[in-house]
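Participant: Below is one structure. I have some questions about it.
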Amino acid sequence: MSDGGERRYGPLGTALVIIPTYNEAENIKPIVTRVRSAVPEAHILVADDNSPDGTGKIADELAAEDDHVQVLHRRGKEGLGAAYLAGFRWGLEHGYGVLVEMDADGSHQPEELPRLLTALKGADLVLGSRWVPGGRVVNWPKSREFLSRGGSTYSRLLLDVPIRDVTGGYRAFRKETLEGLGLEEVASQGYCFQVDLARRAVKAGYHVVEVPITFVEREVGDSKMSRDIVVEALWRVTAWGVGTRANRLLGRKPS
Numbered sequence: 030m031s032d033g034g035e036r037r038y039g040p041l042g043t044a045l046v047i048i049p050t051y052n053e054a055e056n057i058k059p060i061v062t063r064v065r066s067a068v069p070e071a072h073i074l075v076a077d078d079n080s081p082d083g084t085g086k087i088a089d090e091l092a093a094e095d096d097h098v099q100v101l102h103r104r105g106k107e108g109l110g111a112a113y114l115a116g117f118r119w120g121l122e123h124g125y126g127v128l129v130e131m132d133a134d135g136s137h138q139p140e141e142l143p144r145l146l147t148a149l150k151g152a153d154l155v156l157g158s159r160w161v162p163g164g165r166v167v168n169w170p171k172s173r174e175f176l177s178r179g180g181s182t183y184s185r186l187l188l189d190v191p192i193r194d195v196t197g198g199y200r201a202f203r204k205e206t207l208e209g210l211g212l213e214e215v216a217s218q219g220y221c222f223q224v225d226l227a228r229r230a231v232k233a234g235y236h237v238v239e240v241p242i243t244f245v246e247r248e249v250g251d252s253k254m255s256r257d258i259v260v261e262a263l264w265r266v267t268a269w270g271v272g273t274r275a276n277r278l279l280g281r282k283p284s
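According to our numbering, the sequence shown holds residues 30 to 284 in order.
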């Protein structure tokens, strides 16, 4: 992480919490309620990928009752990265100063969001981290923890990014940070999307801060983790790392 130097940061502005959903009918109301309670001034954008279980309809009902809640209906399931990119574009177009990534299943606890926003007052990007002192996971099998820790370590070493939890998805961006990351060039999906944004932030010289969080495994619904997501992350991270090292050896500027 860069040291931030003597840079002075401006006010944050209104935060938009982006919650991608696909078949989260049982989770969407509780998570929206918790966010509204934890950070009452924040707004929420539910980015629903045309969930067949009616998640979008429930989100519409929540939005009709609360002017802090908006719904972005998407055509179909296109992946986590695409949902967040659509949410980012919507938020930037509507003038939000902070854009937050948060899962719908409760694994990212809204009650910890105030700490992320406080840290963002002196940073460009704040990551909720499971793997820094004070961070932890709850109800995960050892195999899942090994996979997550291993993925973050592999990415950190290969990409030379000084971030302990590279794959984590609980994040708060200043709008200026997102505008400077080249989002139009991001094509990665799944959890690799998180690695991609983290490496872009470090590469661009942004001040990235990690704050510890407690990650709680979902109790309702099915995890979106799949073999394809893991494979995509592995080959993309490897390609990025090899490409960076090849450019250094050949004296080329990184693309």
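Even glycine gets a Cβ: it sits at the ideal position worked out from N, Cα and C.
Which whole-angstrom value describes the C-beta separation of Gly197 and Ala233, a residue pair presumed to lie in contact below a C-beta threshold of 8 Å?
Facilitator: Taking the sequence shown and counting its residues from 1, one reaches residue 197 at position 168. Taking the sequence shown and counting its residues from 1, one reaches residue 233 at position 204. No, Gly197 and Ala233 are not in contact; Cβ-Cβ is about 19 Å, not under 8 Å.
Participant: Suppose you measure from the CA of Gly124 to the CA of Ser172; what does that come to, to the nearest Å?
Facilitator: In the sequence shown, residue 124 corresponds to position 95, counting from 1. In the sequence shown, residue 172 corresponds to position 143, counting from 1. Rounded to whole angstroms, Gly124 to Ser172 spans 42 Å at the Cα level.
Participant: Counting Cβ pairs closer than 8 Å, one from the segment 177-190 and one from the segment 224-243, do we hit at least three?
Facilitator: At 8 Å Cβ cutoff, the stretches touch.
Participant: So, helix, strand or coil for Gly33, using DSSP?
Facilitator: Here the question's residue 33 lines up with position 4 in the sequence shown. Residue placement at Gly33 is poorly supported in this model, since its pLDDT is 47, which falls under 50; the coordinates still yield a value, given next. Gly33: coil per DSSP, three-state reduction.
Participant: When the Cα atoms are used, what is the spatial distance from Ile57 to Gly110?
Facilitator: To locate residue 57, count along the sequence shown from 1; it is residue 28. To locate residue 110, count along the sequence shown from 1; it is residue 81. Taking the straight line from one Cα to the other gives about 19 Å.
Participant: So, for Arg37: in the same chain, excluding its five sequence neighbours on each side, which residues have a beta-carbon less than 6 Å away from its beta-carbon?
Facilitator: Stepping through the sequence shown from its first residue, residue 37 is reached at position 8. Cβ within range, chain order: n/a, list empty.
Participant: Helix, strand or coil, according to DSSP, for Val271 in the structure here?
Facilitator: Position 242 of the sequence shown, counted from the start, is the residue given in the question as residue 271. It is helical.
Participant: Can you tell me which of the three DSSP states Ile48 falls into?
Facilitator: Mapped onto the sequence shown, residue 48 falls at position 19. Three-state DSSP puts Ile48 in a strand.
Participant: Just the Cα atoms here: how many angstroms apart are His97 and Val271?
Facilitator: Reading the sequence shown from its first residue, position 68 is the one you call residue 97. Reading the sequence shown from its first residue, position 242 is the one you call residue 271. C-alpha separation (whole angstroms): 44 Å.
Participant: Considering Glu94, what are the terminal residues of the beta strand (DSSP E) in which it resides?
Facilitator: Counted from its first residue, the sequence shown places residue 94 at position 65. Taken as a continuous stretch (DSSP letters only), Glu94 belongs to no beta strand (DSSP E), being part of the alpha helix (DSSP H) at Thr84 to Glu94.
Participant: I'd like the list of long-range same chain contacts for Pro40, defined as Cβ closer than 8 Å, with 5 residues on each side in sequence excluded.
Facilitator: Against the sequence shown, residue 40 aligns to sequence position 11. Closer than 8 Å at Cβ, skipping near neighbours: Gly126.
Participant: Grab me the residues of Glu149's own chain with a C-beta within less than 7 Å of its C-beta, minus the 5 sequence neighbours each way, in chain order.
Facilitator: Here residue 149 is taken as the residue at index 120 of the sequence shown, counted from 1. As written in the sequence, residue 149 is Leu, which differs from the Glu given in the question. Closer than 7 Å at the Cβ level, and outside the excluded window around Leu149, lie Leu41, Val127, Val155, Ala201 and Arg203.
Participant: Going by the DSSP bridge assignment, what does Glu239 pair with across the sheet?
Facilitator: Mapped onto the sequence shown, residue 239 falls at position 210. According to DSSP, Glu239 bridges with Leu156.
Participant: Spell out the partners DSSP gives Ala76 in its beta bridges.
Facilitator: Counted from its first residue, the sequence shown places residue 76 at position 47. For Ala76, which the question treats as bridged, DSSP gives the partners Pro49 and Leu101.
Participant: Kindly list the residues whose CB is nearer than 7 Å to the CB of Val158, restricted to its own chain and excluding five residues on each side of it in sequence; keep chain order.
Facilitator: Taking the sequence shown and counting its residues from 1, one reaches residue 158 at position 129. The amino acid occupying residue 158 in the given sequence is Ser; Val does not appear at that position. Gly164, Arg193, Asp194, Gly197, Glu239, Val240, Pro241 and Ile242.
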